[in-house]
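>
Residue numbers (this note's numbering): 103 to 273.
Here's what the structure looks like:
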């Protein structure tokens, strides 16, 4: 959804509040695609200070839908966001750097997603103690143990293991 800011141009000190429906269904971050939704409207307050200078603030509650980074089970994570920006529409260089400003329009979805990018964690887990997948058979270790040998030999002893294994002995 886009908000036309030009309606406030002739009213210095004027403010308007909007509750806009979040329309984006997915976004890309770090080379991955994520599903996203907002169960509540995005609340935005636009304040026109004077002569094209604006302060925009608001709140959004976005839910990111993805797979757990360890076990690949579906997970939904909520992100409560505080939105805030100041800009001058007369400064085209400044506005060209803001992904949520296009001409005299404020893109509410891009405004909320811009703040989500800043708050995205490096990894999203289904729970803090997620055990992930077995490296050998791929079993979900949160559900059950698979029985695979998961011991990792010390790489500094690799040459010794080769000597024993070539002689037909087990270590």
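By construction, the Cβ of each residue, glycine as well, lies at the ideal position given by its N, Cα and C atoms. In this text, all values refer to a predicted model and were calculated from it rather than measured experimentally.
1) Taking just the CA atoms, how far does residue 238 sit from residue 246?
2) Pick from 198, 249 and 183: whose alpha carbon is nearest that of residue 221?
3) Identify, in the order they occur along the chain, each residue of the same chain with its Cβ nearer than 8 Å to the Cβ of residue 196, setting aside the five sequence neighbours on each side.
4) One question on the structure: do residue 120 and residue 146 come within less than 8 Å of each other, judged by their Cβ atoms?
5) Which class does residue 211 belong to by DSSP, given the choice of helix, strand or coil?
6) Please go through the same chain and pick out, in chain order, the residues whose beta-carbon is closer than 7 Å to the beta-carbon of residue 70, but skip the five residues on each side of it.
7) Can you tell which of 140, 130 and 148 has the C-alpha that lies nearest to the C-alpha of residue 111?
8) Is the distance from the Cβ of residue 250 to the Cβ of residue 172 below 8 Å?
9) Can the beta-carbon of residue 131 be found less than 8 Å from the beta-carbon of residue 211?
10) From the DSSP output, which residues share a beta bridge with residue 169?
11) In the DSSP assignment, the beta strand (DSSP E) including residue 135 goes from what residue to what residue?
12) Closest by CA to residue 156, which one among 264, 209, 115 and 216?
13) Tell me the DSSP secondary structure of residue 263 in three-state form.
Reading from the atomic positions:
1) The residue given as residue 246 occupies position 144 in the chain shown. The residue given as residue 238 occupies position 136 in the chain shown. Distance between the alpha carbons of residue 246 and residue 238: 14 Å.
2) Here the question's residue 221 lines up with position 119 in the chain shown. The candidate whose alpha carbon is nearest that of residue 221 is 183.
3) Against the chain shown, residue 196 aligns to sequence position 94. Excluding residues within five positions, the ones whose Cβ falls inside 8 Å are 189 and 190.
4) In the chain shown, residue 120 corresponds to position 18, counting from 1. In the chain shown, residue 146 corresponds to position 44, counting from 1. The answer is yes: Cβ separation under 8 Å.
5) As a working note, residue 211 is residue 109 in the chain shown. Residue state, collapsed to three classes: helix.
6) Residue 70 lies beyond the stretch modelled for the chain, which goes from 103 to 273, so this question has no answer here.
7) Start at 1 with the first residue of the chain shown, and residue 111 comes out as number 9. Checking every option, the nearest Cα to that of residue 111 belongs to 148.
8) As a position in the chain shown, residue 250 is number 148, starting the count at 1. As a position in the chain shown, residue 172 is number 70, starting the count at 1. Not in contact: residue 250 and residue 172 (Cβ atoms no closer than 8 Å).
9) Against the chain shown, residue 131 aligns to sequence position 29. Against the chain shown, residue 211 aligns to sequence position 109. No, these two residues do not count as a Cβ contact at 8 Å.
10) Looking up residue 169 in the chain shown gives position 67. Per the DSSP secondary-structure output, residue 169 pairs in a beta bridge with 176.
11) The residue given as residue 135 occupies position 33 in the chain shown. For residue 135, the enclosing beta strand (DSSP E) stretches over residues 134-140.
12) Here residue 156 refers to the residue found at position 54 of the chain shown. Taking only the C-alpha atoms, the option nearest residue 156 is 115.
13) Taking the first residue of the chain shown as position 1, residue 263 is located at position 161. Reduced to three states, the DSSP call for residue 263 is helix.
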